[in-house]
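So the structure is just underneath, and the comments pick up after that.
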Amino acid sequence: MHSFAREAIVAYLKIMRLFDRTQKTHSFVARSERLHWDNLSTGENGVALLTSEEPKDPSASESSVRIAHNDARDIEHGNDNGGDVRNVVKRSAWVLSALFAFFSAFFCIDVNAADAPLERAPDTMQARVLGCAACHGAHGEGTDSDYFPRLSGKPAGYLYNQLLAFRDGRRKYPPMNYLLAYLPDAYLKQIADYFAGERPPFPPPSAVTVDTKTLDLGKSLVTKGDAARKIPACVSCHGPLMTGMEPAIPGLLGLHSDYISAQLGAWRYGTRTTIAPDCMAHVSRLLSDRDITAIAAYLASVPAPTDANPIPAGSLKMPLACGSVQP
Ligand code: HEC
Ligand code: HEC
Numbered sequence: 000m001h002s003f004a005r006e007a008i009v010a011y012l013k014i015m016r017l018f019d020r021t022q023k024t025h026s027f028v029a030r031s032e033r034l035h036w037d038n039l040s041t042g043e044n045g046v047a048l049l050t051s052e053e054p055k056d057p058s059a060s061e062s063s064v065r066i067a068h069n070d071a072r073d074i075e076h077g078n079d080n081g082g083d084v085r086n087v088v089k090r091s092a093w094v095l096s097a098l099f100a101f102f103s104a105f106f107c108i109d110v111n112a113a114d115a116p117l118e119r120a121p122d123t124m125q126a127r128v129l130g131c132a133a134c135h136g137a138h139g140e141g142t143d144s145d146y147f148p149r150l151s152g153k154p155a156g157y158l159y160n161q162l163l164a165f166r167d168g169r170r171k172y173p174p175m176n177y178l179l180a181y182l183p184d185a186y187l188k189q190i191a192d193y194f195a196g197e198r199p200p201f202p203p204p205s206a207v208t209v210d211t212k213t214l215d216l217g218k219s220l221v222t223k224g225d226a227a228r229k230i231p232a233c234v235s236c237h238g239p240l241m242t243g244m245e246p247a248i249p250g251l252l253g254l255h256s257d258y259i260s261a262q263l264g265a266w267r268y269g270t271r272t273t274i275a276p277d278c279m280a281h282v283s284r285l286l287s288d289r290d291i292t293a294i295a296a297y298l299a300s301v302p303a304p305t306d307a308n309p310i311p312a313g314s315l316k317m318p319l320a321c322g323s324v325q326p
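Under numbering that gives the first Met the number 0, the first residue of the sequence shown is numbered 0, with each subsequent residue one higher.
Here it is as structure tokens:
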């Protein structure tokens with residue numbers, strides 16, 4: 000069983016390498032996977048990001064919502080830009096291989112007890128989270144992909160809330176939903192603690208792809224907010240250096256701009272939800288597509304500070320209540 004598990008992991012890593020040829024493939028797969036899943040879960044024309052609601056600003060060609068629309072339309076019409084049947088097959092193979100490897104790694108820990116001790120896999124957390132590494136990096140540092148987030152160093156309470164949210168369907172991304180489907184709370188807590196304690200170096204900040212005016216808008220919204228539009232400064236909860244606050248507010252650095260804009264878009268359109276009162280859903284709905292593009296570009300361009308630890312619980316008086324943060 001153990002060598003079987005090892006072979007499964009090797010096969011999985013090979014497949015992942017195959018799909019790792021270009022960053023584009025990864026982010027496309029991630030985006031279209033999300034659409035695919037939403038479509039399945041909400042039925043005909045029910046893709047929340049796709050058809051149930053048009054973006055409020057139709058000119059916003061850069062927003063993640065618009066990208067999602069285009070990808071989905073291409074899939075629907077079989078356009079040959081990568082969004083056709085071949086990709087559906089590839090995606091399925093990819094998800095299956097991820098699941099296969101993860102569960103092999105997970106179960107071989109118990110199965111090994113009955114095996115000869117010779118080939119025992121090390122029962123460490125690092126071995127258990129091997130199935131996560133291809134997408135999140137061995138230490139949760141993230142990968143080059145536009146869409147796979149850094150996990151390490153985020154507060155354990157935040158990570159735990161996200162694992163519960165994926166398991167219980169408040170947050171939707173099929174590979175994650177499947178991987179966590181049957182895992183007990185205590186196990187998820189251990190995974191969260193593991194990644195919260197990791198401190199791999201941050202990636203260099205992303206090159207800026209927006210004009211100076213847009214970047215300035217992003218900086219201003221993040222650091223000051225916009226009183227006239229009742230938008231609170233992001234730093235008022237995420238910390239003056241955006242390193243997050245214990246126990247459940249994440250740092251916002253070391254993430255790709257596509258990931259950040261997709262999350263804000265997901266809150267706005269209701270495909271990512273948090274325990275009520277959902278302060279991030281509230282904040283996201285106050286932001287225009289341009290604001291989101293600006294904020295995402297700005298955050299991705301900020302280098303991480305030397306001390307990137309989340310600030311202690313209760314250091315800030317939050318401008319809104321957040322259900323996921325215990326008072
Ligand atoms: C196939 C790729 C893939 C695999 C395998 C995977 N993840 Fe993820 N993970 C993602 C993506 C993509 C997201 C962002 C999804 C979204 O849009 O909400 C994510 C999000 C997360 C988040 C939320 C991060 C945040 O900052 O909000 C956590 C925590 C997480 N994953 C943990 C894990 C763990 C633990 C494993 C292994 C058991 C794992 N993931 C395996 C791709 C993956
Ligand atoms: C009132 C406090 C508060 C304010 C203000 C706030 N946030 Fe948040 N933010 C949170 C909390 C709490 C979470 C965790 C939500 C959860 O558990 O899913 C969060 C999560 C996030 C995430 C998810 C990170 C990830 O890794 O997936 C992003 C992105 C984000 N916030 C961006 C922003 C931006 C941009 C602003 C400013 C426009 C902002 N936040 C303002 C409290 C706040």
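Idealized CB from N, CA, C, for every residue including glycine.
Give me the DSSP bridge partner(s) of residue 328. Residue 328 lies beyond the stretch modelled for the chain, which goes from 0 to 326, so this question has no answer here.
Can you list the alpha helix (DSSP H) stretches of 4 or more residues lying completely in the segment 199–261, in chain order? 211–222 and 234–237
Note down, in chain order, each residue of its chain lying with its Cβ closer than 6 angstroms to the Cβ of residue 246, except the 5 sequence neighbours on either side. Locating residue 246 in the sequence shown gives position 247, where the first residue counts as 1. The residues are 154, 156 and 312.
Would you decide whether residue 132 is buried or exposed? Buried here means 16 or more other CB atoms lie within 10 Å of its CB. Position 133 of the sequence shown, counted from the start, is the residue given in the question as residue 132. Buried.
Does the segment 236–243 touch the segment 171–191, meaning 3 or more C-beta pairs lie closer than 8 angstroms? no
Any heavy atom of ligand 1 closer than 7 angstroms to the Cβ of residue 230? If you number the sequence shown from 1, residue 230 lands on position 231. Result no, Cβ not under 7 angstroms from ligand 1.
Strand pairing of residue 310, partner residues [DSSP]: By 1-based counting over the sequence shown, the position of residue 310 is 311. Per DSSP, 244.
Apart from the five residues just before and just after residue 281, which ones in its own chain have a Cβ nearer than 7 angstroms to its Cβ? For the purposes of this step, residue 281 is taken as residue 282 along the sequence shown, with counting starting at 1. Contacts found: 319.
Give me, in chain order, the residues of the same chain whose beta-carbon lies closer than 6 angstroms to that of residue 251; leave out the 5 immediate sequence neighbours on both sides. Against the sequence shown, residue 251 aligns to sequence position 252. Within the same chain, residue 251 has close Cβ partners 237, 241 and 298.
Can you list, in chain order, the residues of its chain whose CB lies under 6 angstroms from that of residue 29, leaving out five sequence neighbours each side? Walking along the sequence shown from the start, residue 29 turns up at place 30. In this predicted model, residue 29 has a pLDDT of only 41, less than 50, meaning its place in the structure is not dependable; the value taken from the coordinates is given anyway. Closer than 6 angstroms at Cβ, skipping near neighbours: 146.
Candidates 172, 199 and 293: closest to residue 306 by CA position: Stepping through the sequence shown from its first residue, residue 306 is reached at position 307. Closest option to residue 306, Cα to Cα, is 199.
Quick check: what's the CA-CA separation for residue 244 versus residue 210? In the sequence shown, the residue the question calls residue 244 occupies position 245. In the sequence shown, the residue the question calls residue 210 occupies position 211. Going from the Cα of residue 244 to the Cα of residue 210 covers about 31 angstroms.
On the criterion of 16 or more Cβ atoms from any shown chain inside 10 Å, does residue 164 qualify as buried, or is it exposed? For the purposes of this step, residue 164 is taken as residue 165 along the sequence shown, with counting starting at 1. So residue 164 ends up on the buried side.
Quick test of your reading: residue 187 and residue 179, contact by CB under 8 angstroms. State the CB separation rounded to the nearest angstrom. For the purposes of this step, residue 187 is taken as residue 188 along the sequence shown, with counting starting at 1. For the purposes of this step, residue 179 is taken as residue 180 along the sequence shown, with counting starting at 1. About 7 angstroms; that satisfies the 8 angstroms criterion.
Please list the segments of the alpha helix (DSSP H) lying wholly inside the segment 268–314, counting only runs of 4 or more residues, in order along the chain. Entirely contained in the segment 268–314, the alpha helix (DSSP H) runs reaching 4 residues are, in chain order, 278–285 and 288–300.
Between residue 263 and the rest of its own chain, which residues show a CB-CB distance below 6 angstroms, the 5 nearest in sequence each way excluded? Position 264 of the sequence shown holds residue 263. Excluding residues up to 5 positions away in sequence, 283 and 291 lie with their Cβ nearer than 6 angstroms to the Cβ of residue 263 in the same chain.
Compare the C-beta of residue 133 against all C-beta atoms of chain D and say whether one is closer than 8 angstroms. This model lacks chain D altogether; it includes just one protein chain.
Is the closest heavy atom of ligand 1 to the C-beta of residue 163 under 7 angstroms? One-based indexing of the sequence shown puts residue 163 at position 164. Residue 163: no, Cβ never under 7 angstroms from ligand 1.
Between residue 160 and ligand 2, is the CB less than 7 angstroms from at least one heavy atom? Reading the sequence shown from its first residue, position 161 is the one you call residue 160. Yes, since a heavy atom of ligand 2 falls inside the 7 angstroms radius drawn around the Cβ of residue 160.
What first and last residue would you give for the alpha helix (DSSP H) that runs through residue 188? Walking along the sequence shown from the start, residue 188 turns up at place 189. Per DSSP, residue 188 belongs to the alpha helix (DSSP H) from 184–196.
For ligand 1, I want to know if residue 138 counts as a neighbour, meaning its beta carbon is within less than 7 angstroms of at least one of the ligand's heavy atoms. Numbered from its first residue, the sequence shown carries residue 138 at position 139. Residue 138 Cβ: outside cutoff for every heavy atom of ligand 1.
I need the DSSP call for residue 170, collapsed to helix, strand or coil. Here residue 170 is taken as the residue at index 171 of the sequence shown, counted from 1. Of the three classes helix, strand and coil, the one that applies to residue 170 here is strand, per DSSP.
Residue 285 and residue 212 closer than 8 angstroms at C-beta: On the sequence shown, residue 285 is found 286 positions in, with the first residue counted as 1. On the sequence shown, residue 212 is found 213 positions in, with the first residue counted as 1. No. Outside cutoff.
Is residue 263 near ligand 1, with its Cβ less than 7 angstroms from a heavy atom? For the purposes of this step, residue 263 is taken as the residue at position 264 of the sequence shown. No, the Cβ of residue 263 stays beyond 7 angstroms of every heavy atom of ligand 1.
Three-state class that DSSP yields for residue 175 in the structure shown: In the sequence shown, counting from the first residue as 1, residue 175 sits at position 176. Residue state, collapsed to three classes: helix.
Buried or exposed: residue 325, going by 16 or more other Cβ atoms within 10 Å of its Cβ? On the sequence shown, position 326 is the one that residue 325 refers to. Counting Cβ neighbours within 10 Å, residue 325 comes out exposed, since fewer than 16 surround it.
Nearest CA to the CA of residue 206: which residue from 159, 254, 160 and 270? Mapped onto the sequence shown, residue 206 falls at position 207. Ranking the options by Cα distance to residue 206, first place goes to 254.
Please classify residue 360 as buried or exposed, where buried requires at least 16 other C-beta atoms within 10 Å of its C-beta. In the structure as shown, the chain starts at 0 and stops at 326, and residue 360 therefore has no counterpart that could be examined.
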